[in-house]
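Q: Under the numbering used here, the first residue of the sequence shown carries the number -13, and numbering increases by one thereafter.
Glycine included, every Cβ here is placed at the ideal spot set by N, Cα and C.
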Amino acid sequence: MNYFPAPDPIPLPAPVWLFKILHNLTLALHLGAMQLLAGGLLTGLCLAIAGRANGNRNATQAAGMLIHRLPTVMAFVINLGVPPLLFAQVLYGRALYTSSVLIGAYWIAVIFLLMASYYGLYFAAKRADSGKPWIATGLAAFLLIGTIGFIYTNNMTLMLRPQVWAGMYQHSPGGLQLNVKDPTAHTRWGFFVLGALASSGCAMMLLALRRHFESDIRILLFRAGAFSAFLGVLLQAGFAMPIIKAQPAAVMTALMADPIYALSAYAWLALVTLLLIAATFAFLTGKPGAILAVPAALLGFLQLAAAVMVRDGIRDVTLRLAGFEVWDRQVVTNWSVVGLFLVLFVAALAVIGYLIRVVASARRIEEKYA
Ligand code: HEM
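1) Which residue or residues does DSSP assign as beta-bridge partners of Leu255?
2) For the candidate residues Leu162, Ala24, Leu129 and Ala39, whose alpha-carbon lies nearest to that of Ser86?
3) On a CA-only basis, which of Val76, Thr29 and Lys231 is nearest Lys6? Give me that one, please.
4) Buried or exposed, going by whether 16 or more other CB atoms sit within 10 Å of the CB of Ile131?
5) Going residue by residue through the region -7 to 49, where are the continuous alpha helix (DSSP H) segments of at least 4 residues, counting only ones entirely within it?
6) For Val219, which of helix, strand or coil comes out of DSSP?
7) Report the residue from Asn40, Ser158 and Ala45 whose alpha carbon sits nearest the alpha carbon of Gly90.
8) Cβ-heavy atom distance between His16 and ligand 1 below 7 Å?
9) Check Val317 in the structure and name its three-state DSSP category.
10) Please return the same chain residues whose Cβ sits closer than 7 Å to the Cβ of Thr304, not counting the five positions on each side in sequence.
11) Buried or exposed: Asn40, going by 16 or more other Cβ atoms within 10 Å of its Cβ?
12) Give the single residue among Leu88, Phe177, Thr139 and Glu353 whose Cα lies nearest to the Cα of Leu220.
13) Under the criterion of a Cβ to heavy atom distance below 7 Å, does Pro169 qualify as lining ligand 1?
14) In chain order, what are the residue ranges of uninterrupted alpha helix (DSSP H) at least 4 long that sit wholly in the region 160 to 241?
15) Quick one: grab the DSSP three-state call for Arg350.
16) What are the boundary residues of the alpha helix (DSSP H) that Ala126 is part of?
17) Mapping DSSP to helix, strand and coil, what is Tyr108?
18) Rounded to whole angstroms, how far is the Cβ of Gly286 from the Cβ of Ala215, which I believe are closer than 8 Å?
19) Kindly give me the distance between the Cβ atoms of Leu88 and Leu144, rounded to whole angstroms, as I take these residues to be in contact under 8 Å.
20) For the alpha helix (DSSP H) that Asp298 lies in, which residues bound it at each end?
21) Are there 16 or more other CB atoms within 10 angstroms of the CB of Gly218, so buried, or fewer, so exposed?
22) DSSP three-state call for Pro70: helix, strand or coil?
23) Over the uninterrupted alpha helix (DSSP H) stretch that includes Gly153, give me the two end residues.
24) In whole angstroms, what is the alpha-carbon distance linking Trp139 and Trp175?
25) Take every Cβ of the region 198 to 212, pair it with every Cβ of the region 272 to 292, and state whether three or more of those distances are shorter than 8 Å.
26) Any heavy atom of ligand 1 closer than 7 Å to the beta-carbon of Thr139?
27) If you run the structure through DSSP and keep just helix, strand and coil, what is Asn65?
28) Cα-Cα, which of Pro234, Leu4 and Arg55 is closest to Thr319?
29) Should Gly135 be listed as close to ligand 1, given that the test is whether its C-beta is under 7 Å from any heavy atom?
30) Within 10 angstroms of its Cβ, does Arg113 collect 16 or more other Cβ (buried), or is it exposed?
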């Protein structure tokens, strides 16, 4: 039985491999920003709670520093989410549109959840700026962000299960349902959203390098970051196991038979092991230093990129077994447009890098949250 509509008769304007590279690159950037947001908020909340419970001024101050930065991070999450969405629609539209319609009510709700969580972040940051408690608002924002992540995970897993689509449509043609029966929906959420502590922990270690912060705060940020990175890796490993176990044997065999995906899986294992070691050293020494923070940040991003590649492989192989071949598209490349696009794409990345540099080297203002 063929589950998928016929491909669009208009050929692709660029090779599939180029779309896939751009998709995976921009998705790794989107997920990296999302993990800084989710993990940073979670850690900020823990520090804020510890600060209030024990009257620990340093913890309150470090928590304030984290929440203060998160509205900016949210802007990156959203803007870096758009490119992979466009590439995914070009490559996988025939599956992705169907799953989006099936959970349509929730999928549309993402826009409103996003606005509410963004508002919550600003509100929490404003309260922290004026020395007021922000735990309740921060928690509400985290729940909203976690819900958005859950809806994404639902859609990205539902698009891989065409055999349940007809039944789901009959159950709720209005799209008032989620793909909660999927064996990987919850664990994938855990991997990306709770495992976020790995990325945000690495970013905290980098933040601790800023020399104008008080030295106690720098040590706290560095050690809490190292602990968070350690915990994040363990959580990712804990969630990765049931995700892999839930894959049908045919999917695993085809995945590991592909040299690129097999290499990505082994690379992920090696990178998280190295990150675990770096985080342990950083926590034990407790001395903020670039020698551990920079390699940890690099490992943090590379392990995420490797996970994105494995995720890509699981999708391609699963869809292929269901009768959808992503590589099987008519391509008529318009090289002048592709060239112009690549120039603009690199320029946009350079502008983002420049903006990050400007923010990093901006005039120091004293931050006081406690
Ligand atoms: C706070 C907001 C957001 C959170 C927490 C979030 C979280 C996630 C998570 C957890 C995934 C991985 C799902 C999986 O593979 O199981 C994901 C994928 C994705 N997200 Fe986001 N996201 C957010 C906002 C956005 C926005 C605003 C966009 C687009 C405008 C976006 C675009 C995407 C795309 C395109 C993918 C995957 C595409 C693919 O499978 O090819 N996200 N997101």
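A: Looking at the coordinates:
1) DSSP, once it has assigned bridges, lists no residue as partnering Leu255.
2) Leu162
3) Val76
4) buried
5) 2 to 40
6) helix
7) Ser158
8) yes
9) strand
10) Leu146 and Val237
11) exposed
12) Phe177
13) no
14) 171 to 175, 183 to 193 and 201 to 231
15) coil
16) Ile121 to Leu144
17) helix
18) 7 Å
19) 6 Å
20) Ala276 to Leu307
21) buried
22) helix
23) Trp151 to His157
24) Checking the sequence, you will find Thr at residue 139 rather than Trp. So the two alpha carbons sit approximately 6 Å from each other.
25) yes
26) yes
27) helix
28) Leu4
29) yes
30) buried
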